[in-house]
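The structure appears right after this line, and notes come after that.
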C-alpha cells in the first residue's frame, strides 16, 4: 500500500520542522556543525535528533558554571 501525496507532504513538513529546530538550537548554542546536524535531522531524525541532544546534554554538563 503506497502513501498518498498528502501523507508524503506531511512527512516532509514534519521532517523540515524538526530539522529547522535542531539547526536553530545548534546554531544558538555555538555548534560549529549546525548545518550538518540540521541535514542529518532531516535525513535520519530517528537517529540524529537523539544523538544530537544526548551529545548536547553531555557537553553542557561538563561545562563549568560561570560566576553567580
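Numbering (our numbering), first residue to last: 28 to 95.
For every residue, glycine included, the Cβ atom is placed at its ideal position computed from N, Cα and C.
Keep in mind the model is a prediction, meaning the values are calculated, not measured.
Please say whether residue 76 and residue 39 have beta carbons closer to each other than 8 angstroms? In the chain shown, counting from the first residue as 1, residue 39 sits at position 12. In the chain shown, counting from the first residue as 1, residue 76 sits at position 49. For residue 39 and residue 76, no; Cβs fall outside 8 angstroms.
Can you tell me where the alpha helix (DSSP H) holding residue 88 begins and where it ends? Here residue 88 is taken as the residue at index 61 of the chain shown, counted from 1. Counting along the chain, the alpha helix (DSSP H) containing residue 88 begins and ends at 72-89.
What does the Cβ neighbour count give for residue 35, buried or exposed, with the cut at 16 atoms within 10 Å? Indexing the chain shown from 1 puts residue 35 at position 8. Exposed, by the Cβ-count rule.
Near residue 72, which residues of its chain fall below 7 angstroms by C-beta distance, leaving aside the five closest residues on each side in sequence? As a first step, residue 72 is located in the chain shown; it is residue number 45 there, counting from the start. Once the five neighbours on either side are set aside, the close Cβ partners of residue 72 are 42, 45.
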